[in-house]
Each structure stands twice: as C-alpha cells, then as structure tokens.
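So the sequence lines, in the order shown, correspond to chains A and B. So the first sequence is residues 17 to 547, counted in this note's numbering. So the second sequence is residues 17 to 547, counted in this note's numbering.
There are 2 protein chains.
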Amino acid sequence: MAKTRKSPRPKAETPKGFRDYFGADVAARDNMLRAIGEVYHRYGFEALESSAVETVEALGKFLPDVERPNEGVFAWEEETGDWLALRYDLTAPLARVFAQHRNDLPSPYRRYAMGPVWRNEKPGPGRFRQFYQCDADTVGSASMAADAEVCAMLCDALEAVGIERGDYVVRINNRKVLNGILEGLNVDNEKTRSLPSNFTDSLDTKYSDWEFVDPEAVLRTIDKFDKVGAEGVLELLTTGRKDQSGAFIDGVGISAQNASRVVQFMESRGKDNAETISNLRELMGAPDANLLATMGVYNIGAEGLQELQEIADLLEAQGYGPDRIVIDPSVVRGLGYYTGPVYEAELTFEILDKKGRKRQFGSVAGGGRYDDLVKRFTGQEVPATGVSIGVDRLLAALREKGRLAETEAGPVVITVMDRDRMADYLAMVGELRAAGIRAEVYLGNPKNFGNQLKYADKRGSPVAVIEGGNEKDAGIVQIKDLILGAKLAENATHEEWKARPSQFEVPRDELVARVLEILASQQSDKQADPS
Amino acid sequence: MAKTRKSPRPKAETPKGFRDYFGADVAARDNMLRAIGEVYHRYGFEALESSAVETVEALGKFLPDVERPNEGVFAWEEETGDWLALRYDLTAPLARVFAQHRNDLPSPYRRYAMGPVWRNEKPGPGRFRQFYQCDADTVGSASMAADAEVCAMLCDALEAVGIERGDYVVRINNRKVLNGILEGLNVDNEKTRSLPSNFTDSLDTKYSDWEFVDPEAVLRTIDKFDKVGAEGVLELLTTGRKDQSGAFIDGVGISAQNASRVVQFMESRGKDNAETISNLRELMGAPDANLLATMGVYNIGAEGLQELQEIADLLEAQGYGPDRIVIDPSVVRGLGYYTGPVYEAELTFEILDKKGRKRQFGSVAGGGRYDDLVKRFTGQEVPATGVSIGVDRLLAALREKGRLAETEAGPVVITVMDRDRMADYLAMVGELRAAGIRAEVYLGNPKNFGNQLKYADKRGSPVAVIEGGNEKDAGIVQIKDLILGAKLAENATHEEWKARPSQFEVPRDELVARVLEILASQQSDKQADPS
C-alpha cells in the first residue's frame with residue numbers, strides 16, 4: 017500500500033482580470049440593481065434572465081471591439097463540435113431570445129435584464145473581464161416615443177440610485193444624421209455599397225473623387241473624441257497619430273477636407289437643442305448632398321434630424337428638459353449595430369484622477385436603436401431600442417461621491433465565556449434574531465476572550481453580549497456598546513466616560529429590549545454625525 | 017463593388033441544457049433569494065460574490081460525479097496556456113476565496129453566496145446545465161454549534177420562502193459514524209491506508225479476511241438508498257443490479273455479510289433520536305471494533321455519535337425539535353469531501369410524478385462539514401461547515417404547492433388613438449408612474465386598435481386607458497377595467513354588467529385617482545377569490 021503521490025498545491029487566486037466582491041460591495045450592488053429594476057418595472061418592462069452561455073453563432077460578431085471580430089469572448093468547443101461562449105453583453109442574447117420566442121412574446125416586447133457579462137480582453141487596472149450590466153430594451157417598436165422613453169427612464173434610474181439632478185446629463189444623437197454627413201462627404205458606406213450596379217458603374221465616372229472608406233473605422237475614430245479632442249480625431253481620420261505611449265496609430269486615410277467636416281459635425285452642438293439642430297441642418301446642406309438626394313440617398317440625414325427633434329420634443333413635454341437631455345453630435349457610440357438614435361448618460365461632476373487632476377466622471381450608460389439585430393436570425397427587420405447601464409462604473413461614481421457605505425453594520429456578537437453553556441448562548445441569539453436583530457454566537461475557539469472581542473471589532477459589530485458564570489448566577493448579562501466604546505476610547509473625557517458608560521449590566525430578560533435601545537441610539541448618533 | 021456573401025442565418029436557440037427565465041419566474045426567484053438572503057444575513061453571515069470563472073486547478077476534482085473527475089465542468093484554455101472553468105458549485109470557490117484572503121477575513125468567516133453554477137453534464141428533462149445555488153458556510157469553526165446553527169438556519173430559510181412547518185424535515189447524520197461502521201466491517205478506507213507500515217504488514221497476517229474497497233464507492237452506492245431501497249443497495253454493494261432500463265450496474269464487490277451490515281446501519285433510524293443513537297451504538301459494537309480501537313482507529317465512530325448527539329441537543333434546546341430535525345443514518349450525501357456531520361432538507365408533502373404516482377417531493381438542500389477543502393490550498397486544515405439550497409428545486413416545490421404566482425400583474429396600458437398626440441399619452445403615463453403605478457404607453461403600430469387591446473391582454477394588464485379626439489375635447493378619458501371585463505365576459509348576468517360596468521368615463525384630471533381605485537378593488541377581489 018504505497019502512499020499516493022500528492023499533486024502540488026493549487027494557487028489560491030482568482031484568474032487574472034477577475035475578482036471577488038465582499039459584504040458591503042455585494043449589498044451596494046444588490047441595492048442598485050433593485051432600485052434600477054424597480055424603475056424599469058414601473059415603466060412596464062418585464063424581467064428576463066437569459067442563459068449566461070450562448071452558441072458562438074448566436075452571439076455573432078457584434079463585439080464592441082470590432083477590430084477583433086470573434087475574439088473577445090470566452091468560448092469552448094463541445095464534444096459535439098458546437099462552440100459555446102459566455103455572453104459579452106445582454107443585447108445579443110435579447111435578439112436571440114426574441115427571435116426564439118417571438119410567437120409567445122407580446123409585441124412590442126419590453127424587457128429588462130441584469131447580470132454579469134464576460135469579455136476576454138486584456139485585463140488592466142480597474143478593467144475586469146467579468147462585470148455587471150443592467151439593460152432595458154423595447155423590441156418591436158419603431159416609434160421615437162420608445163427612444164424618448166428609454167432616455168426618460170435612464171434619468172429616473174440614475175436619480176433612483178442617488179445621482180442627483182444636475183450631476184448627470186443624457187446626451188442624444190442620431191446615427192442617421194452622421195450617415196447623412198458621411199454621404200455628403202462622398203465617403204463610402206453600406207447604403208452606397210448596396211446601390212444597383214448601373215449606379216455604381218456611373219459612380220466611377222461621375223464620382224471619381226469618392227473616397228471609399230470603412231464607415232465603421234470613421235465611427236470608431238470619432239468615438240474617441242472625448243479622449244483625444246478635435247485635433248486628435250482629425251489626425252486619426254487622416255494620416256495617423258502618436259498616442260501617449262509614443263506608439264503610432266494608423267490613420268483612417270480620408271482627405272483632410274472631409275475629416276475636418278466630420279469634426280465640424282461633432283462640434284456642431286449649439287447653446288440649445290434648437291441651435292444644434294439648425295447647425296446640423298446647415299452642415300448637411302453641403303454641396304454634394306443635393307446631388308445625392310436625387311438618388312434617394314440623402315434623406316437619411318433629414319430623417320435623422322427629424323427623429324432627434326421628435327425625441328427632444330417628447331422628452332421636453334414630459335419635463336425632461338435641457339438640464340437633463342441635450343442633443344450632442346459628438347455622441348456616436350462605437351458599436352456598429354446602431355441604426356438611429358444613440359444616447360449616453362454622463363456624470364458631470366468632477367473627480368480627481370490617479371494623477372490628482374480634475375476630470376469629469378464620464379459615461380455610465382449608453383444605448384440606442386438597433387433595427388438589424390433580430391434580422392440576423394429571422395431575416396425580418398425588427399425595430400429595437402434600449403439602454404445598458406454599466407453598474408460597476410455607476411457604483412464607482414457613487415463611491416466617489418461618498419454615497420455608498422464602505423462597510424456594513426456587523427452582527428451583535430454573543431461571546432462564549434463557558435463553552436459548556438452553548439445552549440444558553442444559542443437561546444440568546446435566537447431571541448435577538450426573532451426580534452429582527454442581526455446576531456450570532458462566537459463560533460471560533462472561545463479560549464481567548466480577547467480574540468472574541470477582536471473578532472467583533474473586525475466584523476464591525478455594534479454590540480457584544482457577555483454572560484459568564486457569575487452573570488448567569490445573578491440572572492444578568494453584560495452588554496458592551498462597541499461603537500460608543502470605540503468613540504469614547506478615541507476622544508472622551510473622564511466625565512463623558514462616566515456619563516455614558518459603554519458597558520453595563522442588564523437583567524437577562526431585558527436583553528433584547530436593551531440591545532434594541534442601543535442599536536436605535538447608535539443609529540441616531542450616526543444620523544447626527546455621519547462622519 | 018461585389019456584394020459580400022452572406023453567411024447563413026444563425027439558429028435562434030439556447031444551447032442544449034440551457035434555458036431562459038421570463039417575468040414571473042425571474043421575480044419568483046429574486047424574491048426567494050432575497051428571503052433566504054435575509055435569513056442568512058440575520059444569522060450574521062456576510063455576502064460574498066466570487067468570480068464565476070476559476071482556474072481549473074483551483075476548482076479541483078471535487079465534482080459531485082466523482083466517476084468522472086475533471087469532467088463535468090465547462091473549461092477552456094487561455095492563450096497563456098492556463099485553463100479556466102465556470103464554477104460548478106459555490107463551495108470550491110469559497111475554499112479558494114478563504115485561502116486567498118484569509119489574512120483579511122474574520123475568523124470564523126461566515127459567508128453566504130447566491131448565483132448560478134454550471135455543470136457540463138448530459139442535459140435531460142428538467143435537468144439543466146446552469147442552475148442557481150444559495151449557500152451559507154462557516155469557515156474556521158470546529159464547533160458543533162456551527163453545524164447546529166446551519167440546520168436551524170435552513171429551517172428558518174425554508175419557512176421564510178413559504179414552506180410550512182410540517183412540510184419539511186432536516187435529516188442529519190455524521191460521516192464519522194459511517195466510517196466507524198465501515199471500519200468495523202474491515203472495509204478499507206483512508207484511515208487504514210495511512211496506517212504505519214508495521215501495522216499494514218501485520219494486517220496481512222492478522223486480517224487476511226479484510227476487504228479493501230473504495231469507501232467512495234460505498235458512499236455513492238448508499239446515497240442511492242432513497243431511489244433503490246434496501247434491496248437495491250444490497251445488490252449494488254455486492255454483485256450488481258439491473259436498473260430500470262435493463263442495463264446492468266456493476267456491484268462494488270463487498271461481501272454479502274458486510275453489505276447487509278451497511279444496510280442495517282442505514283435502516284437504524286428509531287422512533288426518536290435517542291433510539292436511533294442507541295441503535296447506532298449497538299451496531300458499532302461489532303466484533304472487530306474493539307480490536308481496531310486499540311489501534312486508535314475505532315473512536316471515529318464514537319466521536320461521530322457524540323457529535324450527532326450534541327447537534328441534536330443544541331437544536332432541541334433552541335426549539336428545533338424532532339418535528340423538524342431528525343437523526344437519520346440513511347443520509348450520507350454523495351460528495352466525497354464531507355468529514356463529519358451531513359444534513360439534508362427534505363420536503364415531505366406528496367406530489368404526483370409524471371406517471372401520476374404519488375411520491376414525496378424529496379431533497380431541496382443539503383450540506384455538511386468539510387474540513388479539508390481549504391487545506392488543498394494552504395496545507396493547513398481549516399474546519400468548515402455549510403449548506404447549499406437548490407433554488408430551482410425549491411421554486412418547483414412552491415409551484416407544486418400553488419404558492420407561486422404563475423403570472424405577474426402587467427402594466428396599465430395607455431392606448432394610442434391619435435399618434436400625433438403622443439406627448440399627451442406620455443404625460444398620462446408619467447402621472448401614473450409618479451403615483452407608483454406600473455404603466456406604459458402602447459408603442460407598437462397604433463393603427464389597429466384591437467391589437468392594442470390584445471397586447472394589453474397578453475401583458476395581463478389590469479387597466480387600459482383610452483383618449484380619442486372626442487374624449488380629449490370633452491376633457492375626459494375612458495378607463496377599461498380589464499380584469500373585471502374578462503370576468504364579466506365569462507359569466508355575468510345582464511344585471512351584473514349594468515351594476516358594475518367594466519368601462520367608464522372619468523374626468524382627465526381624475527385619471528390617477530380612479531386607476532388607483534380600480535387597482536385596489538381588483539386586489540381585494542383577488543384576495544376574496546384567489547382562484
């Protein structure tokens with residue numbers, strides 16, 4: 017009977033880019049998801065929890081980082097040869113769910129979903145490979161009222177979790193306007209690619225100056241506007257640019273003239289929504305635009321403008337005015353699948369970045385209209401629009417603002433003075449719990465009493481209860497107010513110690529009542545002095 | 017510009033063994049997790065959400081189906097060559113978390129966790145590859161009070177989600193007792209394998225009749241007691257057995273005499289806990305037991321008995337008597353990693369199985385003490401005990417009992433009579449929502465009014481609101497009580513129709529108040545007649 021050889025010990029580590037969430041963090045996220053879910057639900061949206069695992073083909077190539085289609089997901093091969101993958105967002109699964117269950121679902125189908133998504137990306141500081149999203153989408157409605165509603169709901173959701181009015185703005189734009197601009201610039205896009213061949217033949221002669229550029233590349237570039245500014249976008253659209261690290265990023269390669277028009281578009285936000293729309297209308301009246309209009313291509317821009325106007329009007333009529341909703345042509349949202357309105361919620365308060373510089377907190381949610389996602393499955397275009405809230409970023413924002421508790425109140429700890437009387441301690445804890453008080457008996461080795469109090473301290477316990485043999489005989493227990501005790505230990509005068517002792521005896525049968533009293537007084541102290 | 021060739025449409029299907037959860041099902045699970053989480057929290061446990069993805073080495077080979085170690089998980093290789101996998105339960109990640117963060121965590125560390133786990137098993141009817149667990153564990157306490165507490169908490173959790181007292185029982189047992197029995201039978205186990213070689217040498221001469229049998233195989237077999245009964249276990253422990261499908265299952269190969277002793281052990285439950293313990297004590301007094309005791313091996317059984325007694329006493333003292341807690345030697349829990357107390361919550365009410373036969377609902381939760389899991393990482397034994405509730409099975413049980421709503425109340429639907437007046441309808445819905453009423457404007461194509469009412473019906477809407485041009489001019493709206501309407505349509509007399517009309521006009525500025533009234537009256541009707 018030879019000893020079996022032991023394999024080396026496994027490392028106790030989360031995989032790179034993954035992390036664990038403890039106590040207060042889990043509670044904070046739960047509370048946030050619940051608050052957002054309540055808003056979504058009140059707006060008539062229905063909960064959906066789709067499988068975390070999808071077939072790779074159902075997920076498709078809609079990864080945000082379109083430079084690496086098919087990469088970016090965690091995928092594995094089944095014994096059957098099928099490939100499965102973890103969902104990378106909640107929108108691709110929604111398209112699959114709607115296509116699969118469309119005969120049973122109401123139309124429009126309004127659903128919300130919340131849960132983790134996974135991205136197989138290079139992890140970095142604050143950049144995790146599993147994170148939470150919290151989405152709401154309306155599938156089957158082409159109405160701009162659906163988009164307007166999502167924007168209103170987004171405002172309500174932000175306020176429900178504690179972002180105050182004035183601390184955020186929802187910026188809206190419309191892809192059709194951008195497409196209109198791009199067409200006016202003679203930049204290739206899907207519409208021109210699908211034109212009849214007699215047109216594209218004539219194109220070669222009539223439009224020898226056309227630039228055939230991937231509109232996705234233009235989109236991705238102008239999505240960096242917030243980061244690199246107008247100058248940066250100009251460089252990236254044309255010949256390229258050195259980034260902060262000194263690496264050279266290739267340019268998209270369109271002409272300087274066209275690039276500057278794109279930047280003009282992005283900077284066309286006026287002092288109010290009316291001025292912005294007027295600026296955009298003017299920009300689209302550019303030379304080639306009329307010519308293209310005769311071929312039925314131009315009106316996409318006009319349609320986009322009208323949609324923007326309609327959304328802004330609907331929102332304004334409901335009281336979501338320019339303090340919360342702003343038309344901003346610099347919002348493009350990088351994802352290739354948006355087809356109409358796009359929107360983004362930005363937190364406007366300033367925080368200090370790692371280098372101590374002030375900057376705005378930035379985007380915490382975004383979305384838009386995507387009319388083609390369901391079509392992938394069914395061949396039929398199904399209009400859809402929706403928003404995704406980046407839960408972890410929003411939590412980080414609340415933490416920055418000091419609106420999240422860093423720790424949670426711990427349980428009342430019944431210490432164990434006499435290990436043979438466990439039944440007595442369990443009886444106490446039972447009474448406390450029955451009164452709704454979070455409480456536990458110390459279950460470590462009770463030998464060292466100091467360890468028990470250290471444990472209570474580490475748990476953030478408000479109260480410790482002590483009953484040794486003498487107390488038992490006398491029918492009393494000792495109650496220790498640990499919060500008061502810590503405060504007194506810090507800075508109390510002798511008089512204060514005497515006036516408000518942090519430890520006292522109470523009759524055993526008053527245990528529950530007295531603990532409730534202490535918890536209530538701690539609560540009111542905390543409200544009086546939240547520091 | 018050639019057309020890009022389109023790839024075939026992807027299938028809109030969840031992968032085999034996965035499923036989606038809609039509306040009422042999501043809400044029911046949320047409510048259940050919340051209720052259980054509140055109980056765990058009140059007991060002093062702290063929330064933990066560990067990463068869904070672990071390294072394969074951290075997960076280890078503790079899969080429930082020990083016949084296929086390393087199989088049963090969804091795993092994939094990283095570019096770095098590391099293998100990652102989806103967690104298959106919440107216990108293995110807890111061991112990793114505790115080992116990783118042990119210097120920062122309080123000890124004992126009491127945590128609860130809830131979330132999906134994944135098993136790469138052959139899917140079957142009602143058998144899914146993603147399902148929820150809801151666990152609570154105490155790591156770092158060797159005290160039987162920790163086990164007793166988990167059992168009490170399990171009772172409280174079941175009652176908190178709506179399983180009434182009398183409809184469940186928590187059955188407890190102790191692996192050490194079983195090990196004691198096995199040792200008494202001269203069946204090989206870990207303890208004998210690790211005996212000093214001078215003993216094992218002598219063993220060959222002294223115990224030529226010893227059977228060296230994998231105790232895991234014995235465990236797995238007797239875990240099937242509920243399914244195959246005493247006769248079945250006897251066959252499976254010895255020469256084998258034909259299962260229902262006619263396939264032959266190999267036997268473990270121990271002698272008939274020893275097998276019958278194992279079955280005796282499993283059937284040694286008496287009329288109360290005292291009798292059960294006395295039965296067990298007698299069984300362990302078997303011939304070889306004393307001899308083994310002289311080598312320090314026997315006392316494991318005695319220790320197990322003492323632990324059982326202690327847990328039962330502690331629970332009894334807290335009011336968790338034999339109506340809820342029963343010592344039952346037939347509970348073994350298949351998992352190899354349990355080292356002491358094991359427990360299982362069983363629902364005792366009868367349901368009809370697929371063939372219309374009555375049977376008990378069975379197990380919905382289980383757990384036990386596992387003192388070796390953390391040791392895998394740190395080399396140090398850390399005592400731990402905990403329970404896992406099978407959330408989906410518990411939901412199924414509540415559904416069987418008719419205690420779960422099959423559908424959710426839908427939103428109030430504002431119909432769209434005049435698509436140019438969307439702003440008016442949005443104003444109405446805003447007022448309703450501000451009053452806390454779940455409401456929405458119909459966002460599909462409004463052309464066909466019948467479709468709007470069909471939609472409201474499909475959503476289970478309680479009320480529809482109608483405002484055409486005439487109503488607008490007259491300053492009124494039409495309110496349709498859809499629940500009452502459906503009821504009247506079914507079986508009302510003409511008088512009832514007249515006495516309580518399901519549709520009526522109200523002044524526009526009374527919209528909110530009147531909708532609230534209708535919702536309240538629907539609520540009280542429902543309570544009066546829950547059918």
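Heads up, the beta-carbon is just placed ideally off N, CA and C, and yes, glycines get one too.
- Positions of the alpha helix (DSSP H) runs, each at least 4 residues long and wholly inside the region 422–469 of chain A, are given as 438–450 in order along the chain.
- At a Cβ-Cβ threshold of 8 Å, T71(A) and P31(B) count as neighbours.
- Taking C-alpha positions only, G378(A) is separated from E416(A) by approximately 13 Å.
- Straight-line measurement puts the Cα of E165(A) at about 10 Å from the Cα of T401(A).
- With a threshold of 16 other beta carbon atoms within 10 Å, N464(A) falls short and is exposed.
- The contact set of S123(B) on chain A, defined by CB atoms closer than 8 Å, consists of G460, Y471 in chain order.
- Taken in chain order, the members of the region 312–341 of chain A whose beta-carbon sits within less than 8 Å of a beta-carbon on chain B are D329, L330, A333, Q334, G335.
- Burial check for K192(A): the Cβ neighbour count within 10 Å reaches 16 or more, so the residue is buried.
- Close to Y59(A), with beta-carbon spacing below 9 Å, are these residues of chain B in chain order: P427, V445, R449, R454, A455, E456.
- Taking 4 residues as the shortest admissible run, the region 29–103 of chain B contains the following complete alpha helix (DSSP H) segments, listed from N- to C-terminal end: 39–58, 72–75.
- Look at R375(B) here: in three-state DSSP terms it is strand.
- A Cβ of chain B is located within less than 8 Å of the beta carbon of D36(A).
- S276(A) has a beta carbon lying at 8 Å or more from every beta carbon in chain B.
- Between V522(A) and I492(A), the gap from beta carbon to beta carbon is short of 8 Å.
- Beta bridge pairing from DSSP links C150(B) with M130(B), I405(B).
- Excluding five sequence positions before and after H57(B), the CB atoms of its chain that fall closer than 8 Å to its own CB belong to A63, Y128, given in chain order.
- Inter-segment contact for the region 442–456 of chain A and the region 171–190 of chain A is absent: fewer than three beta-carbon pairs are separated by less than 8 Å.
- Sequence-distant partners of T355(A) (beyond 5 residues in either direction) whose C-beta falls short of 7 Å from its own C-beta, in its chain, are R191, R385, Y386, D387, D388.
- For Q538(A), the uninterrupted alpha helix (DSSP H) segment begins and ends at 527–544.
- Counting only residues of its own chain and dropping the five nearest sequence neighbours on each side, D525(B) has no CB closer than 7 Å to any other CB.
- Per DSSP, the unbroken beta strand (DSSP E) holding A361(A) starts and ends at 357–368.
- Neighbours of T71(A) across chain B, judged by C-beta separation under 9 Å: P26, K27, E29, T30, P31.
- For V493(A), there is no enclosing alpha helix (DSSP H); the residue is part of the beta strand (DSSP E) that begins and ends at 492–497.
- Per DSSP, I238(A) has no beta bridge partner at all.
- A480(A) is bridged by DSSP to V429(A), K496(A).
- Straight-line measurement puts the Cα of S294(B) at about 34 Å from the Cα of R409(B).
- The beta carbons of F264(B) and W92(A) sit no closer together than 8 Å.
- At a cut-off of 3 residues, the continuous stretches assigned as beta strand (DSSP E) that sit fully inside the region 251–329 of chain A are 256–258, 264–266.
- If you check each beta-carbon in the region 111–122 of chain B against every beta-carbon of chain A, the ones closer than 7 Å belong to R112, V113, A115, Q116, P122.
- From the listed residues E511(B), R135(B), L532(B), S159(B), the smallest Cα separation to P427(B) is found for L532(B).
- Ranking I343(A), K370(A), K374(A) by CA distance to the CA of E360(A) puts I343(A) first.
- As the crow flies, the alpha-carbon of G335(B) is around 17 Å from that of V55(B).
- Burial is judged here by how many other beta carbons sit within 10 angstroms of a residue's own beta carbon; K496(A) has at least 16 and is buried.
- A distance below 6 Å between beta-carbons, with the five flanking residues on each side excluded, links Q539(A) to no residue of its chain.
- Assignment of A173(A) by DSSP, reduced to helix, strand and coil, places it in the helix class.
- For the pair A246(A) and Q376(A), the Cα-to-Cα distance works out to about 18 Å.
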